[in-house]
Each structure stands twice: as structure tokens, then as C-alpha cells.
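Step one of this worksheet: look at the structure below.
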Amino acid sequence: MNIVVCVKQIPDPADPGALDADHTLKRDGKLILDESDSYGVEMALQLVDKAGSGEVTLVSMAPNDEVSGLRTALAMGAAKAVLVSDDALKGAGALDTAKVLAAAIKKVEGADLILAATESSDGYTGTVPEQIAAVLDLPSITFAKSVEIADGTVKVQRQTEAGYDECESPLPAVVSVTAGVVEPRYPSFKGIMAAKSKPVETVKVADLGIDGAIVGWSGAGQEIIDVAAAPAREAGEVFEDDGTAAEKIVGFLDGLKVL
Amino acid sequence: MALSKVWVHAEATENGVAPITLEMLAKAREIADVVEVFVGGDGAAVAATVGAHGATKVHATGDLSGKLQGVHVAGALAAAIEGGEAPDLIMLGTTQDGRDIGARLSVKLDKPVLTNNTEIEVGDGIVVSTQIFGGTQIVKTKFAAGSPAIALFRPKSFVAEESGGGAAEVAALAVPDAGAAGAAKLVNRHIEETSGPKLDEAAVVVAGGRGLTEAAKFEMIEELAKLLKGAPGASRAIVDAGWVPYSYQVGQTGKVVKPTVYIAAGISGATQHMVGMKGSKNIIAINKDPEAPIFGIADLGIVGDVHKVLPQLIEALKAR
Ligand SMILES: Cc1cc2nc3c(=O)[nH]c(=O)nc-3n(C[C@H](O)[C@H](O)[C@H](O)COP(=O)(O)OP(=O)(O)OC[C@H]3O[C@@H](n4cnc5c(N)ncnc54)[C@H](O)[C@@H]3O)c2cc1C
Ligand SMILES: Cc1cc2nc3c(=O)[nH]c(=O)nc-3n(C[C@H](O)[C@H](O)[C@H](O)COP(=O)(O)OP(=O)(O)OC[C@H]3O[C@@H](n4cnc5c(N)ncnc54)[C@H](O)[C@@H]3O)c2cc1C
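In order, the protein sequences belong to chains A and B.
With the numbering used here, the residue at position 109 of the first sequence is 91, and numbering never jumps.
With the numbering used here, the residue at position 296 of the second sequence is 1414, and numbering never jumps.
This is the structure we're talking about:
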């Protein structure tokens, strides 16, 4: 069982986000493994374990040859990584990202399953995994809250508004997983040391046979024309509870006539 | 300037048409001369409802049971568009199926899909707005890839309104063979039992977070919701912890709610939570930390212990 996991490396969500002058997200500091993708990495490691053979390969697209997030995922147990890093990708939209990742995935031989998160923490378009499947002309199941593999078939519980759908697909396939599908492991000290020497292949778009002029700003087909502060919501009164909190709330609800 | 034609994704549910569809139809009528819908399923089942909300035609694939919507509906749309039926704009909801269809279609048409939008304007081109950084900033983006534009909208961005129109005419939308990409199957559906008003339709929402400290304490939230004839909700922290099902989750990756009153108990007010409830008319927050961000948007803030305040509130309401 060979599994490719798409892992995004993002600015630390604990820091306040900011935009660059060209309206793209500031990504010049250190980037870390998107927590959303730690679930895909863990799921892949468990599936390979269960299958008894195979390995987990990571693919990522990130600026400035960033590998910090990849090292975290390698320390968890992934075997190797392909990183696409190229100035031509600045301004890339989700579709461009999917084209690039799909080409990187093709470089990985014998992939049975491709995992991604349902949505990233910074851009959260939630379209990249399904777009990757479309570019690769593969079947896909999104919003997986449980994933099992048996006899060349992946069985998924797909989260829905009302509950979940039992779905299945022949392999190879693309599956996007929700947060909480599995409990991601913490990298062990041994894992962290081992990760330092695991292979990370860094490539440019040209190495993937992609024309730099059709991805990034020039290819995005969208133009940010304005960024403005949203009207702020005014804060009301804040009380320290002195035993009368319930009374205050009931009074407030009464005033709104919802009782 | 108005668009000549807009297609809206009609999402069928067990009991009719999803609210997001009707919300988008109201907006579509404002910006376009002709409003039509497409549905991955039976057209007759939705024709009356979407007609009453202003759609004149339903492009329906017919029965898709056993299949996943994304690849097949997108394939059908792409074929219709190549066949010369192209609308200026395709609107879908930021929902599971909406995202799958929009994503697959974007590859088929080699055009971007703009997601998570809360507004759309038509003037010098089609411009959509999306809220970023937890709804503190609004980004406006213009489509620059020729028509049709593909856009996904967050639920509750628009207000549904009937137009008084009659049933929409049903037209067949042919589904081409998707080949290997169409091989995934839907084997069985599981619907979770719910009682009381729906989370995204209730006038009162009582939501609990990690501050409740343990799963059993969520009963206080359920009881309070019942007393207020509202719906219980939750932060993602306690959904991920397995205390309550995902259908309870409010926020960026959960439901968007806009009730008359939203009560947040033991919820810190992370940006991803706030984007799902900031539009509530009134917000009451109970949190023991006076610095909790939730107080920044609360109309009534109580710095206190949920284990004291909630039982007292329940007693007070029962006494009335
Ligand atoms: C606030 C904001 C809004 C945006 N809105 C849009 C929009 O409406 N339309 C649009 O086309 N672009 C949009 N973008 C740009 C978009 O975020 C980038 O193109 C990004 O490279 C991919 O999209 P995502 O992170 O939203 O992917 P998602 O679809 O949310 O990502 C899902 C999963 O795909 C995988 N994945 C995604 N990107 C990578 C990567 N670089 N490397 C490895 N795996 C990856 C990961 O597993 C990830 O968890 C937006 C960006 C920002 C910051
Ligand atoms: C991509 C992405 C998507 C996300 N989507 C969502 C989403 O849709 N919805 C969502 O909710 N979150 C979402 N999150 C998670 C979000 O960032 C927060 O982690 C989450 O909302 C925190 O939940 P919480 O407020 O219950 O927990 P915490 O942040 O841990 O807050 C608990 C609060 O309880 C208070 N408290 C503790 N004890 C008591 C007491 N006895 N009495 C009163 N108060 C007490 C504390 O002061 C604290 O403020 C998302 C995150 C990411 C990265």
C-alpha cells in the first residue's frame, strides 16, 4: 500500500494573519505543517501499517524551498517527500495548485491512494483535493470521517449535513479527510532525528512539465480588486458574575421577547 | 448592468430543497434576467419550490442514486456548456456537494472557482466578496477567466424570498460517462435522528465549548436549548473530542447560524468559530476568562463559571 499525502505548509495560525502588498497571504516567515494535514499523515501511516507493506510519500507546494512542515510529517513516519517550490507560483489559485500537485503526485510511482485534508487552515477553499482528482482523472470521496481499505477498495464514511454516507471506490483514488478522523501522533525523538536524513526532492514547475506562465498570477483567472475592514460588531456590556448572572440573562431575553 | 443568465445549484434534501438554494435564488433574481437551476436528481421533485423562488427552468440529470454528485453533475454541466447553453454565472453553496461539483467543473472548464463568498456584485464584471481573518476583512475578487464564472457561497449570505412564480419547466441534463473517475459509489445513507428546531433555522441557539470540561455537562446545553425552544450547538473542540456529533458544529467548517439569540457557554471565540455566529442578532457569552475574544462581540457578557451560571439559568427559566 503506497499512499501519497498532500501536506500544506502554512504560516503559524497562532500569529495574526497578514496580507502582502499584492493581496496574497504573507508567507515569508517560517511555515509549519497545517494541523489539518496531520490527520491525513496519521491516517496514511495507519493504513500502510495495516497493509503490512508500502510507504507514505508527501507532496507539498510552498515558497522559499520551505521544508519545516515536511520535516514534521517525516518525523511522524512518512518515508520521503516531493516539494514544488518556484517563484512562478506566487499568486496561484486553487486550480493552479491542484495542477501542480497532480503533476508532483504523478512523479511518485505506484500510488494506490492520495489523501488530503477537506480544507486547509489558511486558504480553506476546500476545492484542491477534488480538483486534483479531476486533473488525474481519478475517482474521489471527500469529507471522510473514517477510511478503511480492503481488497483494492477504499471504504469511506463521508460526512454529510444530516449524518454520513457509506461510500466506496476502487483504487487508485483521492480521499479528503476531516479533522478528527484519527488522533495524530507526536513525532518521537527518534522520529525527529530520522527525519533529518529522509529524502526531500525539490522541483520547479518546469521539472513537472508545467509552463510557468499558466500557473501563478498569470494563470489564476481571478483578480483581487479590494481589501477592506469589515464593519466591526460592537461589544456590549460585560459583567462579573456576582450570583445575579442568571437574572441578568433572563432580563435580557425578556427584553428580546424570546421567552 | 444585469447578467443574462445564471444557473443555481439546487440541492435536494429529504424534505425538499436546501435553504442555501433558495437564498442563492433570491440573489440570482437581483442580478440576472433569467434564473435557472440544475439538480443532480429528479427535476420534478424540486420544480415547484424553485419555481416559487424565481427559477424558470430545472436542468435535471434524473436519478443519480448510488453515485456521488461531484463528478457526474460537473460532467453534465460541462457538456451542456460546451453544447452552447453557457450561463454567465454558476452559483453553488459552500456545502459538501457544492464544493465537489464546483471543483470538478473548474478543472473541466479550466477556470477558477471562487469559494466562501458572502456577496456578489455585477458591474464592470462579476465581483464576489469573501471574509478573511475570521471575518475582520473583506476581499473583493473579480473573475478574469471569461464566462461562465463559478462561485460558491456561504449559507445565510442572502435572505430567501418567494417570487410567486409557478413550477419551473423541467429539462433533461444529459450525464456523460465519467469513465474511471466516476467509479466511486454511494452505498448507503445514514441520517442522524434529531428533534427540535434545526440548528441553522432556530431562533435561539445555545452552544457549548471546551469550558464545559466534560461531555456529560453538555446536558445543560441541551436542557437550556429545550427550555428556550432553541437548538443546541457546539464549538469544534468538543465535536473533535467526540462529545457531540459534527452536525452540532458552528463555524467555518460547521454551520453558519444567524439566530435572534446565540448563547456561547465556555467558548473562547476563535475566529473560525466566530465566522459561523457573528451574524446573530444578539449574542450572550458566558466565560470565566475576562480576556476571552468572544466578549469582543457579545451584547451581554458574563464573566463567570458555566457550572454555576447555567444551572441557575435553567432553574430561573423553569420557575417561569
Ligand atoms: C483567504 C484566502 C482565500 C482564497 N480564496 C481562493 C478562492 O476563492 N479561489 C481560489 O482559486 N484560490 C483562493 N485562494 C488561494 C488558495 O488558497 C491557494 O491557491 C492555495 O494554494 C490552495 O488552496 P487552499 O489552501 O484553499 O486549498 P484547500 O482546498 O482548502 O486545501 C485542501 C487540502 O489540499 C491540500 N493542499 C492544498 N494546497 C496545498 C499545497 N500548497 N501543498 C500541499 N497540499 C496542499 C492539503 O491537503 C489541504 O489541506 C485563497 C487564499 C486565501 C489566503
Ligand atoms: C481550519 C480550521 C477550521 C476550524 N473550524 C472551526 C469551526 O467550524 N468551529 C469552531 O468552533 N472551531 C473551529 N476551529 C477550531 C477553533 O480554532 C478553536 O480551536 C475552537 O473553536 C475552540 O473551541 P472552544 O472555544 O470550545 O475551546 P477553547 O478555545 O479551549 O475555549 C474554552 C473556553 O472555555 C473557557 N472556560 C473554561 N472553563 C470554564 C468554566 N468553568 N466556565 C466558563 N468558561 C470556562 C475558557 O476560558 C476558554 O475561553 C477550526 C480550526 C481550524 C484550524
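Note that CB positions come from ideal geometry on N, CA and C, so glycine has one too.
Item: Name the two residues that bound the continuous alpha helix (DSSP H) containing Ala210 of chain A.; Value: Per DSSP, Ala210 of chain A belongs to no alpha helix (DSSP H); it is in the beta strand (DSSP E), Gln204 to Ala211.
Item: Run through DSSP, which three-state label would Tyr1380 of chain B get?; Value: strand
Item: Whose C-alpha, out of B:Gly1348, B:Gly1282, B:Tyr1364 and B:Ala1285, is nearest the C-alpha of Ala161 of chain A?; Value: B:Tyr1364
Item: Could you check where the alpha helix (DSSP H) with Lys1260 of chain B kicks off and where it finishes?; Value: That residue, Lys1260 of chain B, is in no alpha helix (DSSP H); its beta strand (DSSP E) goes Gln1255 to Phe1261.
Item: On the DSSP letters alone, give me the boundaries of the beta strand (DSSP E) that Gln113 of chain A sits inside.; Value: Where Gln113 of chain A is concerned, there is no enclosing beta strand (DSSP E), although the alpha helix (DSSP H) it sits in stretches over Val110 to Leu118.
Item: Kindly give me the distance between the Cβ atoms of Ala1120 of chain B and Val1245 of chain B, rounded to whole angstroms, as I take these residues to be in contact under 8 angstroms.; Value: Their Cβ separation, rounded to whole angstroms, is 14 angstroms, which puts Ala1120 of chain B and Val1245 of chain B out of contact at 8 angstroms.
Item: If I measure Cβ to Cβ from Val1421 of chain B and keep anything under 6 angstroms in the same chain, skipping five residues before and after, which residues do I get?; Value: Pro1408
Item: Does the beta-carbon of Ala3 of chain A have 16 or more other beta-carbons within 10 angstroms, so that it is buried, or is it exposed?; Value: exposed
Item: Show which residues of chain A have a CB atom less than 7 angstroms away from the CB atom of Glu1442 of chain B.; Value: Nothing about residue 1442 of chain B can be read from this structure; chain B reaches only from 1119 to 1438.
Item: If you follow the beta strand (DSSP E) that Thr1248 of chain B is in, where does it begin and where does it stop?; Value: Gly1243 to Ile1250
Item: Go ahead and pull the three-state DSSP assignment for Tyr106 of chain A.; Value: coil
Item: For Arg1307 of chain B, which three-state DSSP category applies?; Value: strand
Item: Using only the heavy atoms of ligand 2, determine whether one of them is closer than 6 angstroms to the beta carbon of Ile1219 of chain B.; Value: no
Item: Quick check: the segment 1246 to 1258 of chain B against the segment 110 to 119 of chain A, are there 3 or more CB pairs under 8 angstroms?; Value: no
Item: Mind listing, in chain order, the continuous beta strand (DSSP E) runs of no fewer than 3 residues lying wholly within the segment 36 to 67 of chain A?; Value: 38 to 43 and 62 to 66
Item: Determine whether the Cβ of Gln28 of chain A lies closer than 7 angstroms to any Cβ atom of chain B.; Value: no
Item: Suppose only complete runs of 4+ residues qualify. What are the alpha helix (DSSP H) ranges in the segment 1382 to 1421 of chain B, listed by chain order?; Value: 1389 to 1392
Item: Spell out a yes or no on whether the segment 1333 to 1348 of chain B and the segment 1318 to 1325 of chain B are touching, meaning 3 or more CB-CB pairs, one atom from each, closer than 8 angstroms.; Value: yes
Item: Would you grab the beta carbon distance between Phe234 of chain A and Ala227 of chain A for me? Rounded to a whole angstrom, and I think it's under 8 angstroms.; Value: About 11 angstroms; that fails the 8 angstroms criterion.
Item: Any heavy atom of ligand 2 closer than 6 angstroms to the CB of Val1362 of chain B?; Value: no
Item: So is Ser20 of chain A in contact with chain B if we call contact Cβ pairs under 7 angstroms?; Value: no
Item: Could you check if Glu1337 of chain B is buried or exposed, using at least 16 other CB atoms within 10 Å of its CB as the buried criterion?; Value: exposed
Item: Taking only beta-carbon positions, decide if Pro1230 of chain B is within less than 7 angstroms of chain A.; Value: yes
Item: Quick check: Lys1258 of chain B and Ser1265 of chain B, are their CB atoms within less than 7 angstroms of each other?; Value: no
Item: Cβ-heavy atom distance between Ser35 of chain A and ligand 1 below 6 angstroms?; Value: no
Item: Quick check on Asp133 of chain A - is its C-beta less than 7 angstroms from some C-beta in chain B?; Value: no
Item: Hey, could you find the ends of the beta strand (DSSP E) Pro1350 of chain B is sitting in?; Value: Ala1349 to Ala1352
Item: Just to confirm my understanding: we take Pro1315 of chain B, look at its own chain, exclude 5 residues before and 5 after, and list those with CB closer than 6 angstroms. What are they?; Value: Ala1349
Item: Please list the segments of the beta strand (DSSP E) lying wholly inside the segment 1293 to 1344 of chain B, counting only runs of 3 or more residues, in order along the chain.; Value: 1303 to 1309 and 1322 to 1326
Item: Quick one: does Gly245 of chain A have its CB under 7 angstroms from some CB of chain B?; Value: An answer regarding residue 245 of chain A cannot be provided, because it is not within the stretch -17 to 241 covered by chain A.
Item: For the beta strand (DSSP E) containing His1425 of chain B, list its first residue and its last residue.; Value: Not the beta strand (DSSP E): His1425 of chain B falls in the alpha helix (DSSP H), residues Val1424 to Lys1436.
Item: Does any residue of chain B have a CB that is nearer than 7 angstroms to the CB of Val232 of chain A?; Value: yes
Item: Measure how close the beta-carbons of Gly1327 of chain B and Ser1386 of chain B come, nearest whole angstrom, since I'm counting them as under 8 angstroms.; Value: 7 angstroms
Item: Let me make sure I understand the geometry here. Which of A:Leu97, A:Val66, A:Ala57 and A:Trp199 has the alpha-carbon closest to that of Gly191 of chain A?; Value: A:Val66
Item: Using a Cβ-Cβ cutoff of less than 7 angstroms, which residues in the same chain neighbour Lys81 of chain A once the five nearest sequence positions on both sides are dropped?; Value: Val117, Ile192 and Val197
Item: Less than 7 angstroms between CB atoms is the rule here; does Gln1094 of chain B satisfy it with respect to chain A?; Value: Look at the range of chain B in this structure, 1119 to 1438, and you will see that residue 1094 of chain B is not part of it.
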